[in-house]
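From first to last, the protein sequence lines stand for chains A and B. Per our numbering, the very first residue in the first sequence carries number 43; after that it's consecutive. Per our numbering, the very first residue in the second sequence carries number 92; after that it's consecutive. See structure below.
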Amino acid sequence: MRHIGKALFIATVGVLALSGPVMAEEASSAVLANTCFSCHGPDGKSAGAMPWIAGKSTDYITKVMIDFKTGAMDSTVMQRIAKGFSDDEIKALAQYFSTK
Amino acid sequence: MTRITRRSFNKMAGALGATAAMSLAGYPRMAAAASPRVVVVGGGFGGATLARYLHGFDSNIKMTLIEQSKSFVTCPFSNTVIAGMNKIDRVTHGYDGLRGLGIDVVHDTATGIDPAKKTVSLKGGGTLAYDRLVLSPGIAFKWDAIEGYDEKASGSIPHAWKAGPQTVLLRKQLEAMPDGGVFIISPPVNPFRCPPGPAERVSLVANYFKTHKPRSKILVLDPKEKFSKQGLFTEGWKQLYPGMIDYINLSNDGKVVRVDVKGMTLHTDFAEHKGDVINFIPPQKAGAIAEAAGLTNDSGWCPIDQRTFESTVHKGIHVIGDTSIASPMPKSGFAANTQAKVCAAALAAMLKGEDPGTPKFVNTCYSLVAPDYGISVAMVYGFDQGKIVKIKGSGGLSPSGAPAAVRKREADYARGWYDSITREMFA
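Below, the structure is given as structure tokens:
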């Protein structure tokens with residue numbers, strides 16, 4: 043069962059990376075990233091006081107989001123938002139923004 | 092990563108099967124549509140965002156945006172104009188950015204839809220054909236739902252719940268009001284556009300009074316028992332505007348049953364309240380074109396497939412923003428913006444005959460209690476068993492009793508959000 047899970051995970055990430063057809067219950071990385079733009083600007087390029095996230099490294103974005111989730115890092119609203127994303131979704135987001 | 096169980100594997104595998112079937116049956120490829128035509132009605136948070144993102148997903152789509160106004164005045168931050176913190180220009184945005192992308196922006200009013208012929212008729216006389224239609228017309232008011240308050244009455248007792256001339260009118264009235272005057276605001280019943288909006292308006296007007304007309308009072312007559320972010324607003328009011336704001340809820344006779352425009356008086360069941368300036372926000376329903384096209388149900392709003400925002404009444408028509416039934420999401424500009432992105436992704440896929448994908452949404456509603464005192468409510472939404480669902484454990488309110496520095500940061504972020512989202516839509 044563990045092997046099935048791993049194979050499926052790889053398949054899932056493969057699908058996400060290609061931004062191709064997406065399986066149910068899991069949003070594409072583009073759809074996920076779009077939710078961030080409303081505050082952080084298109085592709086994470088903020089227009090004002092919101093932090094700029096475009097081009098930050100995958101590791102940095104992943105760590106910050108996980109720290110928001112656990113409460114290890116102080117925030118205003120991000121601790122409430124980060125909890126709405128799974129660790130896999132956070133990885134997909136981090137990858138997306140690191141290339142922008 | 093190893094949390095994928097046999098059960099979830101089966102679920103996913105099943106979904107894949109369903110996906111393949113849907114591609115064949117539910118979401119057929121547009122036959123012979125080399126350049127699919129998409130018409131968008133409404134150029135606000137929903138429509139403007141949708142046009143931009145759909146263009147981004149597939150620039151081959153021939154898109155027309157129908158918007159009656161030459162420029163868009165945002166309801167978010169319009170309370171800062173009413174309170175004199177900003178001029179109306181600060182919340183006014185043009186359509187040159189969208190035109191620059193090749194989107195045909197037509198300033199006209201959609202008056203009718205023929206879902207069988209797939210056409211939209213315009214007040215100006217023209218007719219537009221579409222492969223897919225997106226409606227984002229915002230709200231309409233239920234004029235005459237409360238005795239004495241019709242569209243004409245809004246000329247002297249503004250609602251200011253669609254930003255523009257109404258915003259400016261209310262600002263002028265507050266400026267002209269003498270110190271020691273009474274400002275009455277009456278919010279509507281649920282559901283309505285921007286649930287925390289009335290209390291933000293109360294807060295910022297109180298801030299204006301405090302600095303310019305300190306003997307003035309604010310009376311809130313609410314036909315509901317409670318309101319959005321009530322604890323946080325009340326905490327801020329006590330701290331910043333002690334003794335200035337009197338809030339009366341439904342149980343305490345807060346429901347207005349008659350508006351006397353001439354006498355500048357609001358009547359409840361047992362009392363009458365005279366104001367120097369009155370802001371009456373009437374009950375709301377789906378935008379006029381949605382109702383005219385028969386897309387609404389008994390609730391007055393439009394039922395949709397929450398995955399694609401396609402109307403469950405007429406195929407080929409998608410409804411986003413305030414007009415749609417996207418519960419548990421609130422009716423807010425932010426919600427319309429995030430819905431538009433999901434709808435655009437779904438549409439781009441559907442026009443290619445592909446699966447529309449899975450939605451994910453975020454909504455954050457910032458409110459200013461004072462220029463440097465911000466609070467927020469947030470929620471992340473996913474999709475499960477055909478419905479938009481709140482992600483458990485996510486979202487919620489700013490903490491109560493937070494230090495001033497935290498309130499200041501949220502006020503700065505409120506402005507930062509506004510700058511980002513308006514640039515996203517209109518730049």
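The beta-carbon is built from N, C-alpha and C at its ideal position, and this holds for glycine as well. Treat the numbers as computed from the prediction; the structure is a model and nothing was measured.
Item to complete: Using three-state DSSP, classify B/LEU386 as helix, strand or coil.
Response: Secondary structure of B/LEU386 (DSSP, three-state): coil.
Worksheet item: Starting from B/GLY185 and walking both ways along the beta strand (DSSP E), at which residues does that stretch end?
Response: Per DSSP, B/GLY185 belongs to the beta strand (DSSP E) from 183–185.
Item to complete: Name, in chain order, the residues that DSSP records as bridge partners for B/PHE425.
Response: Beta-bridge analysis with DSSP links B/PHE425 to no other residue.
Item to complete: Anything in the segment 277–293 of chain B with a Cβ closer than 7 angstroms to a Cβ of chain A? List those residues in chain order, please.
Response: For the segment 277–293 of chain B, there are no residues whose beta carbon sits under 7 angstroms from a beta carbon of chain A.
Worksheet entry | Straight-line Cα distance separating B/ALA174 from B/MET268 | In a straight line, the C-alpha of B/MET268 is about 13 angstroms away from that of B/ALA174.
Practice prompt. Give the C-beta separation of B/PHE324 and B/SER294 to the nearest angstrom, bearing in mind that I take them to be a contact with Cβ-Cβ under 8 angstroms.
Written response: Contact flag correct, Cβ pair sits at about 7 angstroms.
Worksheet entry | Residues within the segment 479–511 of chain B neighbouring chain A, beta-carbon criterion of under 8 angstroms | Taking 8 angstroms as the Cβ-Cβ cut-off against chain A, the residues of the segment 479–511 of chain B that qualify are ILE482, GLY484, SER485, GLY486, GLY487, SER489, VAL497, ARG500, GLU501, ASP503, TYR504, ARG506, GLY507, TRP508, TYR509, ASP510 and SER511.
Item to complete: Output the distance between the C-alpha atoms of B/TYR118 and B/GLY327, rounded to the nearest integer angstrom.
Response: Note that B/TYR118 has pLDDT 48, beneath the 50 cutoff, so the model's placement of it is unreliable and no number is given.
Item to complete: Go to B/ALA461, then tell me how far its beta strand (DSSP E) extends in each direction, as first and last residue.
Response: Where B/ALA461 is concerned, the enclosing beta strand (DSSP E) stretches over 452–461.
Practice prompt. Could you list which residues in chain B have their beta carbon closer than 7 angstroms to that of A/LYS98, in chain order?
Written response: The contact set of A/LYS98 on chain B, defined by CB atoms closer than 7 angstroms, is empty, because the minimum CB distance reaches about 16 angstroms.
Discussion item. DSSP has B/GLU242 in a bridge; who is on the other side?
Written reply: For B/GLU242, which the question treats as bridged, DSSP gives no partner whatsoever.
Worksheet item: Cα-Cα, which of B/PHE474, B/LEU459, B/ALA379 and B/VAL480 is closest to B/VAL497?
Response: Measuring from the Cα of B/VAL497, the nearest candidate turns out to be B/LEU459.
Item to complete: Kindly indicate which three-state DSSP category B/ASP475 falls into: helix, strand or coil?
Response: In the structure shown, B/ASP475 adopts extended strand secondary structure according to DSSP, grouped into three states.
Discussion item. Taking the beta strand (DSSP E) that B/PHE274 belongs to, which residues open and close that run?
Written reply: Run containing B/PHE274: 273–277, per the beta strand (DSSP E) assignment.
Discussion item. Applying the 10 Å Cβ sphere with the 16-neighbour rule, what's the burial state of B/PRO167?
Written reply: With 16 or more other Cβ atoms within 10 Å, it is buried.
Discussion item. Beta carbons nearer than 7 angstroms to chain B: which residues of the segment 102–125 of chain A have them?
Written reply: So the close ones are THR118, VAL119, ARG122, ILE123 and LYS125.
Discussion item. Using a Cβ-Cβ distance cut-off of 7 angstroms, determine whether A/THR141 contacts chain B.
Written reply: Chain B places no beta carbon closer than 7 angstroms to that of A/THR141, leaving this residue out of the contacts.
Practice prompt. With DSSP collapsed to three states, give me the class of B/LEU192.
Written response: Judged by DSSP in its simplified three-state form, B/LEU192 adopts coil rather than helix or strand.
Worksheet entry | Delimiting residues of the alpha helix (DSSP H) encompassing A/GLU131 | Its alpha helix (DSSP H) spans residues 129–140.
Worksheet item: Which chain A residues sit within Cβ distance under 9 angstroms of B/GLU515?
Response: Residues of chain A passing the Cβ test: PHE79, SER80, GLY83, PRO84 and ALA89.
Discussion item. In the DSSP assignment, the alpha helix (DSSP H) including B/GLN375 goes from what residue to what residue?
Written reply: For B/GLN375, there is no enclosing alpha helix (DSSP H); the enclosing beta strand (DSSP E) has its first and last residue at 375–377.
Worksheet item: CB-CB under 6 angstroms to A/HIS82, same chain, minus the five flanking residues each way: which ones, in chain order?
Response: Cβ neighbours of A/HIS82 beyond the five flanking positions: SER88, MET92 and ILE95.
Worksheet entry | Continuous alpha helix (DSSP H) stretch holding B/LEU341: start and end | Element bounds for B/LEU341: n/a, residue is neither H nor E.
Worksheet item: If you draw a straight line from the C-alpha of B/TRP392 to the C-alpha of A/THR100, how long is it?
Response: Rounded to the nearest angstrom, the two C-alpha atoms are 42 angstroms apart.
Worksheet item: Do the CB positions of B/HIS184 and B/PHE517 come within less than 7 angstroms of each other?
Response: If you check the CB distance, B/HIS184 and B/PHE517 come in under 7 angstroms.
Practice prompt. Could you tell me the boundaries of the beta strand (DSSP E) in which B/GLY203 lies?
Written response: Counting along the chain, the beta strand (DSSP E) containing B/GLY203 begins and ends at 201–205.
Fill in: Those runs of the alpha helix (DSSP H) which lie wholly inside the segment 142–177 of chain B and span at least 4 residues
Under the rule that a run must span 4 or more residues, the alpha helix (DSSP H) segments found entirely inside the segment 142–177 of chain B read 169–173.
Discussion item. Going by C-alpha to C-alpha distance, which of A/MET107, A/LYS98 and A/ASN76 sits closest to A/PHE127?
Written reply: A/MET107 is the residue among A/MET107, A/LYS98 and A/ASN76 whose C-alpha sits nearest the C-alpha of A/PHE127.
Item to complete: Could you tell me whether any Cβ in chain A is nearer than 7 angstroms to the Cβ of B/LYS603?
Response: Any property of residue 603 of chain B remains undetermined from this structure, which presents chain B solely from 92 to 518.
Worksheet entry | Residues that DSSP places opposite B/ASN370 in a beta bridge | Looking at the DSSP assignment, B/ASN370 forms a beta bridge with B/ILE276.
Discussion item. For a cutoff of 7 angstroms on Cβ pairs, would you count B/SER467 as touching chain A?
Written reply: With respect to chain A, the C-beta atom of B/SER467 has a partner C-beta closer than 7 angstroms.
Discussion item. Between the alpha carbons of B/GLY407 and A/SER117, how many angstroms are there, rounded?
Written reply: Cα to Cα, B/GLY407 sits roughly 42 angstroms from A/SER117.
Worksheet entry | B/GLY354 at chain A interface by Cβ criterion, 7 angstroms | No, B/GLY354 does not count as interfacial toward chain A.
Discussion item. Within 10 Å of its beta-carbon, does A/VAL73 have 16 or more other beta-carbons around it, so buried, or fewer, so exposed?
Written reply: Buried is the label assigned to A/VAL73, since at least 16 other Cβ atoms lie within 10 Å of its Cβ.
Worksheet item: Is it the case that the Cβ atoms of B/VAL368 and B/ILE237 are separated by a distance below 7 angstroms?
Response: No. Outside cutoff.
Worksheet item: Comparing the C-beta of B/LYS208 with each C-beta of chain A, is any distance below 7 angstroms?
Response: False, the Cβ-Cβ gap to chain A never drops below 7 angstroms.
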